[in-house]
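Number of protein chains: 6
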Amino acid sequence: MSYVNIKVTREGVTDRQKAVLIKGVTDLLAQVLNKPPALTHVVIDEVELANWGVGGLPAPEFRRQSQQSK
Amino acid sequence: MSYVNIKVTREGVTDRQKAVLIKGVTDLLAQVLNKPPALTHVVIDEVELANWGVGGLPAPEFRRQSQQSK
Amino acid sequence: MSYVNIKVTREGVTDRQKAVLIKGVTDLLAQVLNKPPALTHVVIDEVELANWGVGGLPAPEFRRQSQQSK
Amino acid sequence: MSYVNIKVTREGVTDRQKAVLIKGVTDLLAQVLNKPPALTHVVIDEVELANWGVGGLPAPEFRRQSQQSK
Amino acid sequence: MSYVNIKVTREGVTDRQKAVLIKGVTDLLAQVLNKPPALTHVVIDEVELANWGVGGLPAPEFRRQSQQSK
Amino acid sequence: MSYVNIKVTREGVTDRQKAVLIKGVTDLLAQVLNKPPALTHVVIDEVELANWGVGGLPAPEFRRQSQQSK
Chain H
945 MSYVNIKVTR EGVTDRQKAV LIKGVTDLLA QVLNKPPALT HVVIDEVELA NWGVGGLPAP
1005 EFRRQSQQSK
Chain E
945 MSYVNIKVTR EGVTDRQKAV LIKGVTDLLA QVLNKPPALT HVVIDEVELA NWGVGGLPAP
1005 EFRRQSQQSK
Chain R
945 MSYVNIKVTR EGVTDRQKAV LIKGVTDLLA QVLNKPPALT HVVIDEVELA NWGVGGLPAP
1005 EFRRQSQQSK
Chain C
945 MSYVNIKVTR EGVTDRQKAV LIKGVTDLLA QVLNKPPALT HVVIDEVELA NWGVGGLPAP
1005 EFRRQSQQSK
Chain X
945 MSYVNIKVTR EGVTDRQKAV LIKGVTDLLA QVLNKPPALT HVVIDEVELA NWGVGGLPAP
1005 EFRRQSQQSK
Chain G
945 MSYVNIKVTR EGVTDRQKAV LIKGVTDLLA QVLNKPPALT HVVIDEVELA NWGVGGLPAP
1005 EFRRQSQQSK
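Residue numbers (the numbering used here), protein chains in the order written: chain H, 945 to 1014; chain E, 945 to 1014; chain R, 945 to 1014; chain C, 945 to 1014; chain X, 945 to 1014; chain G, 945 to 1014.
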């Protein structure tokens, strides 16, 4: 049994992409740890950009500064 | 002190049902572990069907295949 | 499908008590939301007392002060 | 490296307030544990009032009763 | 930026297997959503068998019954 | 009401440091969002280095490579 929670920023992730993530993670756990897919649950959380911080800044500001420092 | 996070698919759970879940979990922790309700927090997350995977498939596809295999 | 995470302080919770919590939460989700038990996963985390804070204090200190204010 | 998840009720938290929370938590981890901000991620979850329970009651009802008992 | 939490039962997962999981999930997010690996954090939680429930039973009992019903 | 989960690597964080984190986060939520400390819970998780990945590598290997690239 396994439970995987994937958090990414909410930026137009499509249902097709979600399906590929779910399949990919489930297969990985089956291959590496022999986990049966029927007992593997995956939950994807899409987080608003303003609600994600890194480097002490909200994501939009973090990206702006990363761009400028290039 | 206790913290419980309940994740279910977003499919029209009513406020009344949420209240029953909150009451039920809080009572359970009080009965089994003597946890004071005032220090028990419960957070319910409703997850879009496309964001929940089991058996390597998004929930809608998982259900479709489960139906067919009956 | 449902996923429940229960966090309590690590204070000698027995395997029997854990089994009762697992059964109780799974039954609650079946009764209230008609969730099939086979697709309900419950994970219990036991947290060291020093790692849990409430009221701005670690649990041991919080309890000491709660006792004194009675 | 650090990861912080802040859950609060959804009640009009502004982007400015979110930025202050992200900055504050990141600075705290840098000061207390010497964690480099570039490796500190903060995710804020805003939870609907009906989905948060304390004292065995959903937040709106909990607040109503807390008011009355004053 | 992405954050992935993988929960599996504590049953002798090796550091090598953990490294393969971390690499696999990070590559998946890079391929599917173009997420930069430097901003992808993965945390693996190993959960005691008695602390994981499925089908209303702790994992050891769930497995015993699954074996018998074959 | 608020719930904060802080995940850091397990590297000898002292009880004193945990108390400062708990106090700091609780005060921050009180100042920024007017959250009453009595309803703010903080849980600190200490994660084994081998169980934390960033940049596609477990933390020990990530640090080794970061050192070399300086």
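Virtual Cβ for every residue (Gly too), placed ideally from N, Cα, C.
Taking the beta strand (DSSP E) that residue i belongs to, which residues open and close that run?
| i | result |
| --- | --- |
| E:K951 | 946-953 |
Look at residue i and residue j and say whether their C-beta atoms are less than 7 Å apart.
| i | j | result |
| --- | --- | --- |
| X:T958 | X:V991 | no |
| C:L973 | C:T984 | yes |
| H:V948 | X:M945 | no |
| X:P981 | X:T970 | yes |
| H:K962 | E:A994 | yes |
Can we count residue i as close to the ligand NAD, meaning its CB is less than 6 Å from some heavy atom?
| i | result |
| --- | --- |
| X:M945 | Inclusion of the ligand NAD in the displayed structure is not the case, the ligand content being empty and no account of it being possible. |
In angstroms, rounded to a whole number, what distance separates the CA positions of residue i and residue j?
| i | j | result |
| --- | --- | --- |
| E:Q1009 | H:K967 | 15 Å |
| E:I988 | G:Q1012 | 45 Å |
| G:G956 | E:F1006 | 44 Å |
| G:W996 | G:L965 | 20 Å |
| G:V986 | R:R960 | 27 Å |
| G:P1002 | H:P1002 | 26 Å |
| X:Q975 | E:Q975 | 48 Å |
Let's test the definition: count the other Cβ atoms within 10 Å of the Cβ of residue i and tell me whether it reaches 16, buried, or not, exposed.
| i | result |
| --- | --- |
| C:P1004 | exposed |
| H:G1000 | buried |
Using the three-state DSSP reduction, which class does residue i fall into: helix, strand or coil?
| i | result |
| --- | --- |
| R:L956 | The amino acid occupying residue 956 of chain R in the given sequence is Gly; Leu does not appear at that position. Reduced to three states, the DSSP call for R:G956 is coil. |
| R:G997 | strand |
| X:E990 | strand |
| H:P980 | coil |
Let's see if you can read the secondary structure: which residues bound the alpha helix (DSSP H) around residue i?
| i | result |
| --- | --- |
| E:S1010 | 1003-1012 |
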